[in-house]
Amino acid sequence: MADTFLTLDIDAYGIAACIVKLVSKKSYIKETCRITYKDLPEADTARDVFESAWIYLRDHMDMTSCSAATLLIPSSSVSFRNIELPFKSARKIRQILPLEIASYLPAPEEKYISDFHILDIPYQEGHIPVFTASVSQLDIEKYIDLLLSYSIKPEIITPKGTAAAICLLKENPSLNNFICLDLGDHENTITLVYNRKPFFIRSFPALQYKPEELADTARQALLGFRQTTGFDTCFDLFITVDRELKGIKKIYYGLENLLHYQTKYQQPDEAFHHKVTLKKINYANLFAQLHPHKNAGLLFNFYKPKTGLNPIFQKSLKTFATSIFLACILLICSLYNLH
Numbered sequence: 156m157a158d159t160f161l162t163l164d165i166d167a168y169g170i171a172a173c174i175v176k177l178v179s180k181k182s183y184i185k186e187t188c189r190i191t192y193k194d195l196p197e198a199d200t201a202r203d204v205f206e207s208a209w210i211y212l213r214d215h216m217d218m219t220s221c222s223a224a225t226l227l228i229p230s231s232s233v234s235f236r237n238i239e240l241p242f243k244s245a246r247k248i249r250q251i252l253p254l255e256i257a258s259y260l261p262a263p264e265e266k267y268i269s270d271f272h273i274l275d276i277p278y279q280e281g282h283i284p285v286f287t288a289s290v291s292q293l294d295i296e297k298y299i300d301l302l303l304s305y306s307i308k309p310e311i312i313t314p315k316g317t318a319a320a321i322c323l324l325k326e327n328p329s330l331n332n333f334i335c336l337d338l339g340d341h342e343n344t345i346t347l348v349y350n351r352k353p354f355f356i357r358s359f360p361a362l363q364y365k366p367e368e369l370a371d372t373a374r375q376a377l378l379g380f381r382q383t384t385g386f387d388t389c390f391d392l393f394i395t396v397d398r399e400l401k402g403i404k405k406i407y408y409g410l411e412n413l414l415h416y417q418t419k420y421q422q423p424d425e426a427f428h429h430k431v432t433l434k435k436i437n438y439a440n441l442f443a444q445l446h447p448h449k450n451a452g453l454l455f456n457f458y459k460p461k462t463g464l465n466p467i468f469q470k471s472l473k474t475f476a477t478s479i480f481l482a483c484i485l486l487i488c489s490l491y492n493l494h
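Using this note's numbering, the first residue of the sequence shown is number 156, and each one after it goes up by one.
Here's what the structure looks like:
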């Protein structure tokens with residue numbers, strides 16, 4: 156049985172769309188299309204750029220078989236935070252989370268959508284470690300409302316860079332502690348995973364492609380982990396890319412030298428106990444694991460169904476209510492005439 160769904164990779168420059176088909180547990184990329192905002196037709200500039208780009212993609216792709224979607228958003232648009240709470244109940248955490256993290260958010264007066272993971276590390280009683288992620292509610296609702304108006308439900312909305320780390324986890328059941336450095340055209344994301352759960356996430360512009368700067372970023376992630384937990388854990392380091400980026404080999408070998416081998420200037424970094432691994436992400440496999448009908452699992456998911464009705468159903472309901480109202484008026488008039 157075939158199952159088809161849509162993925163949208165959204166960044167500050169445009170949208171890349173991909174239609175993925177699953178057949179007998181294997182995934183195939185059926186169709187792809189990318190549009191940058193600067194290349195949109197001039198007639199569309201009056202609209203919101205996301206809406207204009209979406210309409211362009213709809214006109215250039217056959218989405219008729221897609222009723223669900225996975226959206227990848229920039230990690231830079233998400234605020235990540237490690238906090239401690241006095242209880243472990245997911246229901247209670249959801250209730251108080253907005254108040255607990257409000258002071259840490261970039262614009263506390265705005266509304267945010269948040270998700271969280273309870274971390275698998277030792278803790279003192281009453282100090283439960285929780286890793287949170289928050290994003291502007293206005294942005295998320297814009298995506299949801301637009302796609303629902305075309306009968307497509309965006310059931311997973313998650314930061315892109317972290318998705319690569321989760322893909323590594325699912326492909327490697329024995330992998331426990333590692334740092335994933337995901338390099339993209341416009342954004343790099345570093346994700347530290349401990350006991351198979353994301354513990355630290357940070358994004359930065361893709362301009363920082365020098366091995367020295369990337370090595371420092373990896374060390375800072377480790378330092379933050381050690382200061383928070385007191386653990387002297389060793390980590391693997393993975394560099395993930397979705398294609399052959401310019402200069403990637405130089406970055407790879409530069410990181411190997413900086414972190415593993417004694418040089419004239421520094422000792423090897425014992426925090427990294429295996430070689431640096433360069434891994435090209437297979438997007439067909441990645442998207443298959445981001446299937447919108449599956450449980451999001453370790454992904455942060457910002458899709459929160461509204462308590463209200465689907466816009467399409469609302470429109471049908473209004474039409475139905477109007478018909479009932481007119482029928483009642485006609486019935487009253489008929490009864491009045493009989494008298």
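No residue lacks a Cβ here, since even glycine has one placed at the ideal position from N, Cα and C.
{"query": "Start-to-end residues for the alpha helix (DSSP H) that takes in V396", "result": "It is not in any alpha helix (DSSP H) - V396 instead sits in the beta strand (DSSP E) that spans 391-396."}
{"query": "S329 classed as buried or exposed, judged by whether at least 16 other C-beta atoms fall within 10 angstroms", "result": "exposed"}
{"query": "Simplified DSSP state of C221, which is helix, strand or coil", "result": "coil"}
{"query": "Short Cβ contact (8 angstroms threshold) for I238 with L454", "result": "no"}
{"query": "Euclidean distance between Cα positions of S234 and L445", "result": "21 angstroms"}
{"query": "Whole-angstrom distance between T395 and L369, CA atom to CA atom", "result": "13 angstroms"}
{"query": "Assigned secondary structure, F380 (DSSP; H/G/I helix, E/B strand, else coil)", "result": "helix"}
{"query": "Residue range of the alpha helix (DSSP H) that includes Y183", "result": "Premise fails: Y183 lies in the beta strand (DSSP E), 181-191, not in any alpha helix (DSSP H)."}
{"query": "For G385, three-class secondary structure by DSSP", "result": "coil"}
{"query": "Three-way DSSP call (helix, strand, coil) for N412 in this model", "result": "helix"}
{"query": "Extent of the continuous alpha helix (DSSP H) to which Y259 belongs", "result": "No alpha helix (DSSP H) holds Y259; DSSP gives it neither H nor E."}
{"query": "Sheet register partners of T317 (DSSP bridge)", "result": "Bridge partners of T317: none, in fact."}
{"query": "Assigned secondary structure, F205 (DSSP; H/G/I helix, E/B strand, else coil)", "result": "helix"}
{"query": "Of the residues V178, V290, V348, I307, the one placed nearest N327, counting alpha carbons only", "result": "V348"}
{"query": "CB of F355 within 8 angstroms of CB of A373, strictly", "result": "no"}
{"query": "Cβ neighbour criterion (16 or more within 10 Å) applied to P309", "result": "buried"}
{"query": "Beta-bridge partners of T344, as assigned by DSSP", "result": "D337, S358"}
{"query": "Distance between S358 and I406 (C-alpha atoms, nearest Å)", "result": "17 angstroms"}
{"query": "Three-way DSSP call (helix, strand, coil) for Y305 in this model", "result": "coil"}
{"query": "Three CB pairs or more closer than 8 angstroms across the region 216-229 and the region 250-259", "result": "no"}
{"query": "Distance between beta carbons of T384 and I210, contact taken as under 8 angstroms", "result": "With a Cβ gap of about 48 angstroms, I210 and T384 do not count as contacting."}
{"query": "Cβ-Cβ distance between I307 and A245 below 8 angstroms", "result": "no"}
{"query": "For R236: DSSP bridge partner residues", "result": "T287"}
{"query": "Nearest candidate by alpha-carbon position, reference S179, set K434, E186, D158", "result": "D158"}
{"query": "Exposure label - A208; buried when at least 16 CB within 10 Å", "result": "buried"}
{"query": "Candidates S231, P284, M218, of which the one nearest L260 by Cα", "result": "S231"}
{"query": "Cβ-Cβ separation, P360 to G409 (assumed contact under 8 angstroms), whole Å", "result": "Wrong, their Cβ atoms sit about 19 angstroms apart, outside the cutoff."}
{"query": "CB contact flag (F393, F333, <8 angstroms)", "result": "yes"}
{"query": "Proximity of F442 and V175 at Cβ, strictly below 8 angstroms", "result": "yes"}
{"query": "Exposure of A315, with buried meaning 16 or more beta-carbon neighbours within 10 Å", "result": "A small fix is needed here, since residue 315 is Lys in this sequence, not Ala. With 16 or more Cβ atoms within 10 Å of its Cβ, K315 is classed as buried."}
{"query": "Residue of L323, F205, K434, I273 minimising C-alpha distance to I299", "result": "F205"}
{"query": "Check whether P353 and T344 have beta carbons under 8 angstroms apart", "result": "no"}
{"query": "Rounded C-alpha distance that separates P423 from D340", "result": "Summary for P423: the model assigns pLDDT 46, below 50, so the residue's position carries little reliability; its value from the coordinates is reported in the next sentence. Going by the C-alpha atoms only, they are around 30 angstroms apart."}
{"query": "Alpha carbon of D164 to alpha carbon of C322, nearest angstrom", "result": "16 angstroms"}
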